[in-house]
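Under the UniProt record's numbering, the residue at position 125 of the sequence shown is numbered 125, and the numbers go up by one with no gaps.
C-beta: ideal position from N, C-alpha, C; glycine also.
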Amino acid sequence: MSARTYHVRTFGCQMNVHDSERLSGLLDEAGYARSTDGGDADVVVLNTCAVRENADNKLYGNLGHLASVKAKHPGMQIAVGGCLAQKDRAEIVRRAPWVDVVFGTHNIGSLPVLLERARVEQEAQVEIAEALEVFPSSLPSRRESSYSAWVAISVGCNNTCTFCIVPALRGREKDRRPGDVLAEVEALVAEGVIEVTLLGQNVNAYGVEFGDRYAFGKLLRSVGSVDGLERVRFTSPHPRDFTDDVIAAMAETPAVAPQLHMPLQSGSDQVLKAMRRSYRQKRYLDIVERVRDAMPHAAITTDIIVGFPGETDEDFEQTLHVVREARFASAFTFQYSKRPGTPAAEMTGQVPPDVVKERYQRLAALVDQVAWDESRALVGSTVEVLAADGEGRKDEQTRRLSGRARDNRLVHFAVPDDGPLPRPGDMVTVEVTKAAPHHLVADSAATGGTYLLRRTRAGDAYERANAAATAAPGSGVLLGMPSLGAPPPDPATAAPGCTTH
Ligand code: SF4
Numbered sequence: 001m002s003a004r005t006y007h008v009r010t011f012g013c014q015m016n017v018h019d020s021e022r023l024s025g026l027l028d029e030a031g032y033a034r035s036t037d038g039g040d041a042d043v044v045v046l047n048t049c050a051v052r053e054n055a056d057n058k059l060y061g062n063l064g065h066l067a068s069v070k071a072k073h074p075g076m077q078i079a080v081g082g083c084l085a086q087k088d089r090a091e092i093v094r095r096a097p098w099v100d101v102v103f104g105t106h107n108i109g110s111l112p113v114l115l116e117r118a119r120v121e122q123e124a125q126v127e128i129a130e131a132l133e134v135f136p137s138s139l140p141s142r143r144e145s146s147y148s149a150w151v152a153i154s155v156g157c158n159n160t161c162t163f164c165i166v167p168a169l170r171g172r173e174k175d176r177r178p179g180d181v182l183a184e185v186e187a188l189v190a191e192g193v194i195e196v197t198l199l200g201q202n203v204n205a206y207g208v209e210f211g212d213r214y215a216f217g218k219l220l221r222s223v224g225s226v227d228g229l230e231r232v233r234f235t236s237p238h239p240r241d242f243t244d245d246v247i248a249a250m251a252e253t254p255a256v257a258p259q260l261h262m263p264l265q266s267g268s269d270q271v272l273k274a275m276r277r278s279y280r281q282k283r284y285l286d287i288v289e290r291v292r293d294a295m296p297h298a299a300i301t302t303d304i305i306v307g308f309p310g311e312t313d314e315d316f317e318q319t320l321h322v323v324r325e326a327r328f329a330s331a332f333t334f335q336y337s338k339r340p341g342t343p344a345a346e347m348t349g350q351v352p353p354d355v356v357k358e359r360y361q362r363l364a365a366l367v368d369q370v371a372w373d374e375s376r377a378l379v380g381s382t383v384e385v386l387a388a389d390g391e392g393r394k395d396e397q398t399r400r401l402s403g404r405a406r407d408n409r410l411v412h413f414a415v416p417d418d419g420p421l422p423r424p425g426d427m428v429t430v431e432v433t434k435a436a437p438h439h440l441v442a443d444s445a446a447t448g449g450t451y452l453l454r455r456t457r458a459g460d461a462y463e464r465a466n467a468a469a470t471a472a473p474g475s476g477v478l479l480g481m482p483s484l485g486a487p488p489p490d491p492a493t494a495a496p497g498c499t500t501h
């Protein structure tokens with residue numbers, strides 16, 4: 001009898017992407033096989049996100065569609081996990097009785113058991129834990145990339161930002177032991193990974209649980225010294241907890257990438273106060289300045305919310321001021337929308353949608369202009385690009401591949417007409433020939449200029465996984481040959497989805 005197949009659909013932030021890799025790993029280990037075409041899977045898992053106002057409408061819309069799929073597919077099971085499951089719990093099976101399993105953010109490890117129990121007992125299983133049972137990173141994983149990996153160092157958050165649902169749904173911060181983090185990184189590197197992104201809701205508060213406020217800087221240094229690891233990134237830090245020892249660790253550890261994603265949310269002190277974010281504009285800009293002093297070429301990116309309740313024109317101008325001063329390489333910008341269950345949703349002074357929209361457009365235009373200026377300054381410089389696993393639009397005509405520079409900028413680069421193509425995970429050194437707001441073009445190879453290909457262990461790992469996947473479809477880490485065009489979002493850059501920091 002062939003194995004039952006599964007398909008995991010992920011909504012929301014990087015933490016969910018990371019958890020979904022664990023859900024897939026758990027199902028692999030329990031004997032399920034990944035469905036090659038998600039549409040015909042025997043088990044569909046929705047890993048949900050609760051941060052958008054209409055998130056539940058979307059969930060019930062998706063579930064409505066799945067009801068008709070299930071009606072034609074005897075034995076099919078539907079499981080709902082993630083933040084919305086943690087929030088709505090049994091309400092989900094009340095509104096969608098064809099759902100088989102509901103599990104929360106703290107007990108993703110229970111999924112295979114709950115599926116089995118639902119199948120045997122022919123009854124929906126709802127199990128939500130109030131506190132984390134097993135750190136997700138210690139669960140089996142099916143990684144989506146052979147060269148780049150997420151490593152969760154903490155989950156939950158002890159802050160109380162008024163727009164954020166994370167503390168309610170993910171609980172108080174729980175830190176993983178440094179030795180466990182390091183062991184995971186070493187194991188990943190042994191498998192061929194050359195880039196890791198340390199992940200947490202508030203990464204630089206890391207250590208709060210075991211009482212070491214310098215723990216994050218120490219962790220950066222120790223992870224950065226793992227032999228064979230070329231790039232270390234992290235997301236997201238909170239300006240409140242940003243200490244100089246973290247800046248020193250970044251600057252002094254060659255493997256730590258010259259890149260910082262530090263959520264601003266608002267440039268106005270008054271709005272920051274209403275958001276209950278304990279830093280002010282000056283502190284934010286001071287950190288940016290100290291980072292630039294230590295790492296002049298660091299690319300700094302951010303998240304910004306426009307139209308928070310009570311935001312005036314003057315408050316908004318302060319946000320524009322910070323964008324100009326901080327010279328962000330890019331920014332995820334969000335129009336404020338009420339998130340049920342958050343204090344901000346109850347606040348007076350909600351800004352009319354047309355005002356929010358107009359401010360949002362002005363902000364987006366300024367962000368693009370600043371980002372473009374910053375990219376233009378890189379024309380003529382040499383960048384090392386980690387070739388990505390391309391899907392997307394093929395660009396046979398320009399023979400361009402894509403990847404990320406050390407500072408995490410997206411680079412589309414030409415490859416020579418003859419000679420081998422870089423495999424995903426290999427490094428190429430090229431010269432930037434053109435800038436755009438959201439990417440760089442490096443066509444030096446097309447004119448006989450700089451083009452240096454360095455084959456890496458990650459490229460070897462990709463090739464091995466690809467060969468295995470081709471020999472036994474559904475078994476490997478990755479499928480398909482490297483293709484020309486834009487890469488899929490990589491772990492280090494996936495949009496936050498929830499602007500949670
Ligand atoms: S926005 Fe970030 S720092 Fe604030 S409560 Fe949410 S997770 Fe914590």
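Close-in-space but distant-in-sequence residues of the same chain around residue i (CB under 7 Å, 5 per side omitted)
i: Y216; result: The displayed chain sequence assigns Phe, not Tyr, to residue 216. V203, N204, Y206, G207 and V246.
i: H321; result: G267
i: Q318; result: G267, S268 and Q281
i: A168; result: G341
i: P239; result: M262, Y279, R283, Y284 and I287
Span of the beta strand (DSSP E), counted from its first residue to its last, around residue i
i: R362; result: Looking at the DSSP string, R362 is not in any beta strand (DSSP E); the run it does join, the alpha helix (DSSP H), is P353 to R376.
i: L452; result: Y451 to R454
i: V428; result: M427 to E431
i: I78; result: Q77 to G82
Cβ neighbour criterion (16 or more within 10 Å) applied to residue i
i: L264; result: buried
i: G349; result: exposed
i: K87; result: buried
i: Q122; result: exposed
i: L26; result: buried
i: Y284; result: buried
i: A467; result: exposed
i: N47; result: buried
i: D315; result: buried
i: T10; result: buried
i: E252; result: exposed
i: R454; result: exposed
i: G179; result: exposed
i: A387; result: buried
i: D417; result: exposed
i: N159; result: buried
i: R393; result: Note that R393 has pLDDT 41, beneath the 50 cutoff, so the model's placement of it is unreliable and the number below is only indicative. So R393 ends up on the exposed side.
i: residue 502; result: Because residue 502 is not part of the residues shown, which for the chain are 1 to 501, the question remains open.
i: R324; result: exposed
i: A187; result: exposed
i: G476; result: For G476, the pLDDT reaches just 40, beneath the cut-off of 50, and the residue's location in the model is therefore unreliable, although a value from the coordinates is still provided. The residue is buried, with at least 16 neighbouring Cβ atoms inside 10 Å.
i: L452; result: exposed
i: A71; result: exposed
i: R359; result: buried
i: E184; result: buried
Residue from the options whose Cα sits closest to the Cα of residue i
i: G192; options: E463, A467 and A468; result: E463
i: A345; options: E116, I128, I165 and A152; result: I165
i: G211; options: R400, D418, R177 and D37; result: R177
i: L199; options: C157, G228, T162 and Y214; result: C157
i: residue 522; options: G75, E374, L169 and Q361; result: No answer is possible for residue 522: it lies beyond the span of the chain, which begins at 1 and ends at 501.
i: V356; options: D443, C13, R240 and F308; result: F308
i: W150; options: C13, T456 and E374; result: C13
i: V379; options: R399, V411 and V367; result: V411
i: residue 503; options: P353, M347, P343 and A326; result: Because residue 503 is not part of the residues shown, which for the chain are 1 to 501, the question remains open.
8 Å CB neighbourhood of residue i in its chain, flanking five on each side removed
i: P254; result: G224
i: L23; result: V8, V45, N47, G81, I108 and L111
i: T382; result: T429, V430, E431, V432 and T450
Span of the alpha helix (DSSP H) around residue i
i: T319; result: D313 to A326
i: H65; result: A55 to A71
i: G217; result: A215 to G224
i: V99; result: Careful: V99 lies outside any alpha helix (DSSP H) and carries neither H nor E.
i: L27; result: Q14 to E29
i: E252; result: D244 to E252
i: Q281; result: Q281 to A294
6 Å Cβ shell around residue i - same chain, five flanking residues per side excluded
i: L132; result: H106 and K174
i: E311; result: V271 and V351
Beta-bridge pairing of residue i - partner residues as DSSP gives them
i: E195; result: S148 and R231
i: S154; result: D175
i: G109; result: Bridge partners of G109: none, in fact.
i: H412; result: S402 and V441
i: Y6; result: R34 and V43
i: I305; result: F334
i: A387; result: G403
i: I92; result: Answer by DSSP bridge pairing: none, since I92 is not bridged.
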